[in-house]
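Read the first sequence against the numbering used here and you will find it ends at 366, with the numbers running on by one and no gaps. In this text, a Cβ means the ideal position worked out from N, Cα and C, and glycines have one as well. Note that this is a predicted model, so its numbers are computed, not measured. What follows is a short report on a single structure.
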Amino acid sequence: MSHFGRSGPPDIKDTYSLLVLNITFRTSADDLFPLFEKYGKVVDVFIPRDRRTGDSRGFAFVRYKYADEAQKAVEKLDGRVVDGREIMVQFAKYGPNAERIHKGRVIEPASRSRGRSRSRSPRPRYKDEYRDRDYRRRSRSRSRDRYDRDRHHGKERDYRHRSRSRSGSPNYHKGRGRGQYDDKRRSRSRSDGSASPARLSPSPRRSPSPRRTPPSRGGSPDGRNGKGRSPTPKSVSPRGRRADSRSPSPRSDADVSNENP
DNA sequence: GTTGAGCGTT
106 MSHFGRSGPP DIKDTYSLLV LNITFRTSAD DLFPLFEKYG KVVDVFIPRD
156 RRTGDSRGFA FVRYKYADEA QKAVEKLDGR VVDGREIMVQ FAKYGPNAER
206 IHKGRVIEPA SRSRGRSRSR SPRPRYKDEY RDRDYRRRSR SRSRDRYDRD
256 RHHGKERDYR HRSRSRSGSP NYHKGRGRGQ YDDKRRSRSR SDGSASPARL
306 SPSPRRSPSP RRTPPSRGGS PDGRNGKGRS PTPKSVSPRG RRADSRSPSP
356 RSDADVSNEN P
């Protein structure tokens with residue numbers, strides 16, 4: 106039962122891919138399989154995990170054989186509480202090969218081989234992202250901190266309460282009521298970031314990049330050629346100063362003298 | 001021991 110994703114995708118030519126989000130980091134494919142299998146024929150369940158730690162990323166992909174079953178699963182499992190967390194089920198937007206999906210249905214990968222689409226070619230960003238930056242950002246932490254979490258935690262109690270009364274209208278959730286505070290949080294977050302004095306690195310290089318090539322004309326890299334361009338040498342040289350300066354700690358004497366009775 | 005609003009593998 107754990108052979109999901111272990112031997113690679115069995116067959117994905119006529120399967121509907123569903124994306125399950127908001128699952129707990131401890132939920133595994135084996136846990137989701139029976140749940141989704143109950144609503145239809147599940148061809149494969151895959152949960153992307155970190156290559157370094159091997160932990161789940163918090164979302165899973167479930168492939169159904171039929172669209173109607175997938176749709177039903179989405180409506181039924183979307184908003185369902187799994188492992189104490191409300192999961193979100195929706196049709197996958199992108200395919201495993203970064204291919205376009207028609208209504209959640211996976212198209213045959215060979216179709217791309219024909220060179221059907223020549224004008225737009227999707228960039229293989231998934232491989233690039235794996236390098237470092239985005240991949241880590243989206244996986245590990247965002248910036249929400251516990252503020253949102255605290256709210257979420259407090260609401261959890263409500264969720265449970267609401268869950269009970271939601272038995273009459275499961276579709277009530279379709280609207281997804283998270284956009285409200287999401288926008289608020291976003292706005293505030295952005296504002297904070299903008300106003301924050303702690304900006305990103307102010308770029309050590311002052312010049313934008315008008316001349317990238319070294320000064321071939323009067324600019325000697327040494328700076329010696331420059332007329333008064335290099336007044337720095339010994340003036341600032343600590344050694345010179347130190348030499349001029351007499352004892353490094355005249356006070357020390359006094360101190361010692363003072364401290365020493 | 002930790003997180004989160006996100007789109008995938010042999």
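> Candidates 177, 192, 178: which alpha carbon is nearest residue 184's?
Replying inline: Numbered from its first residue, the first sequence carries residue 184 at position 79. Sorting 177, 192, 178 by C-alpha distance to the C-alpha of residue 184 places 192 at the top.
>> To the nearest angstrom, how far is the alpha carbon of residue 198 from that of residue 209?
In response: Position 93 of the first sequence, counted from the start, is the residue given in the question as residue 198. Position 104 of the first sequence, counted from the start, is the residue given in the question as residue 209. Here the alpha carbon of residue 198 sits roughly 7 Å from the alpha carbon of residue 209.
> What number of angstroms, rounded off, separates the C-alpha of residue 154 from the C-alpha of residue 166?
Replying inline: Stepping through the first sequence from its first residue, residue 154 is reached at position 49. Stepping through the first sequence from its first residue, residue 166 is reached at position 61. Going by the C-alpha atoms only, they are around 12 Å apart.
> Can you name, in chain order, every residue of its own chain whose Cβ lies under 7 Å from the Cβ of residue 120, other than the five neighbours on each side?
Replying inline: Position 15 of the first sequence, counting from 1, holds the residue named residue 120. Within its own chain, the residues whose Cβ lies closer than 7 Å to the Cβ of residue 120, once the five positions on either side in sequence are excluded, are 148, 168, 169, 170, 211, listed in chain order.
>> Could you compute how far the alpha carbon of residue 141 sits from the alpha carbon of residue 187?
In response: Counted from its first residue, the first sequence places residue 141 at position 36. Counted from its first residue, the first sequence places residue 187 at position 82. Looking at the two C-alpha atoms, the distance is approximately 12 Å.
> Taking DSSP as the reference, what is the three-state secondary structure of residue 174?
Replying inline: Taking the first residue of the first sequence as position 1, residue 174 is located at position 69. Reduced to three states, the DSSP call for residue 174 is helix.
> Given residue 162, which residues of its chain have a CB within under 7 Å of its CB, disregarding the five upstream and five downstream residues?
Replying inline: Taking the first sequence and counting its residues from 1, one reaches residue 162 at position 57. Here the set comprises 153, 154, 155, 244.
> For residue 213, does the three-state DSSP call read helix, strand or coil?
Replying inline: Here the question's residue 213 lines up with position 108 in the first sequence. For residue 213, the three-state secondary structure derived from DSSP is coil.
>> Between the alpha carbons of residue 173 and residue 123, how many angstroms are there, rounded?
In response: Taking the first sequence and counting its residues from 1, one reaches residue 173 at position 68. Taking the first sequence and counting its residues from 1, one reaches residue 123 at position 18. So the alpha carbons of these two residues sit roughly 12 Å apart.
> According to DSSP, which residues form a beta bridge with residue 147?
Replying inline: Position 42 of the first sequence, counting from 1, holds the residue named residue 147. Residue 147 pairs with 169.
>> Measuring alpha carbon to alpha carbon, tell me which residue in 158, 179, 135 is nearest residue 125.
In response: Taking the first sequence and counting its residues from 1, the one referred to as residue 125 is at position 20. For residue 125, the nearest C-alpha among the options comes from 179.
> If we call anything under 8 Å between Cβ atoms a contact, is residue 150 one with residue 164?
Replying inline: Sequence index remark: in the first sequence, residue 150 carries index 45 (1-based). Sequence index remark: in the first sequence, residue 164 carries index 59 (1-based). Not in contact: residue 150 and residue 164 (Cβ atoms no closer than 8 Å).
>> The alpha helix (DSSP H) that contains residue 138, what's its start and end?
In response: Numbered from its first residue, the first sequence carries residue 138 at position 33. Unbroken alpha helix (DSSP H) run through residue 138: 134-142.
> Measuring CA to CA, which of 144, 190, 194, 130 is closest to residue 158?
Replying inline: As a first step, residue 158 must be located in the first sequence, where it is residue number 53. Ranking 144, 190, 194, 130 by CA distance to the CA of residue 158 puts 130 first.
> Apart from the five residues on each side of it in sequence, which residues of its chain come closer than 6 Å, Cβ to Cβ, to residue 181?
Replying inline: As a working note, residue 181 is residue 76 in the first sequence. Cβ within range, chain order: 144.
> Can you name the residues that DSSP bridges to residue 196?
Replying inline: In the first sequence, residue 196 corresponds to position 91, counting from 1. For residue 196, which the question treats as bridged, DSSP gives the partners 123.
> Where does residue 180 fall in DSSP's three states?
Replying inline: Walking along the first sequence from the start, residue 180 turns up at place 75. The DSSP-derived three-state label of residue 180 is helix.
>> I'd like to confirm the pairing. Which residues does DSSP put opposite residue 190 in its beta bridges?
In response: Looking up residue 190 in the first sequence gives position 85. 187, per the DSSP bridge assignment.
> In whole angstroms, what separates the C-alpha of residue 109 from that of residue 190?
Replying inline: Within the first sequence, numbered from 1, the residue matching residue 109 stands at position 4. Within the first sequence, numbered from 1, the residue matching residue 190 stands at position 85. Taking the CA atoms as reference points, residue 109 sits about 22 Å from residue 190.
>> Considering only DSSP beta bridges, list what residue 109 is partnered with.
In response: Taking the first residue of the first sequence as position 1, residue 109 is located at position 4. DSSP lists no bridge partner for residue 109.
> Going straight from the alpha carbon of residue 132 to that of residue 194, what length do you get?
Replying inline: As a working note, residue 132 is residue 27 in the first sequence. As a working note, residue 194 is residue 89 in the first sequence. Distance between the alpha carbons of residue 132 and residue 194 is about 14 Å.
> Is the beta carbon of residue 118 less than 8 Å from the beta carbon of residue 213?
Replying inline: Numbered from its first residue, the first sequence carries residue 118 at position 13. Numbered from its first residue, the first sequence carries residue 213 at position 108. Taking 8 Å as the Cβ cut-off, residue 118 and residue 213 qualify as a contacting pair.
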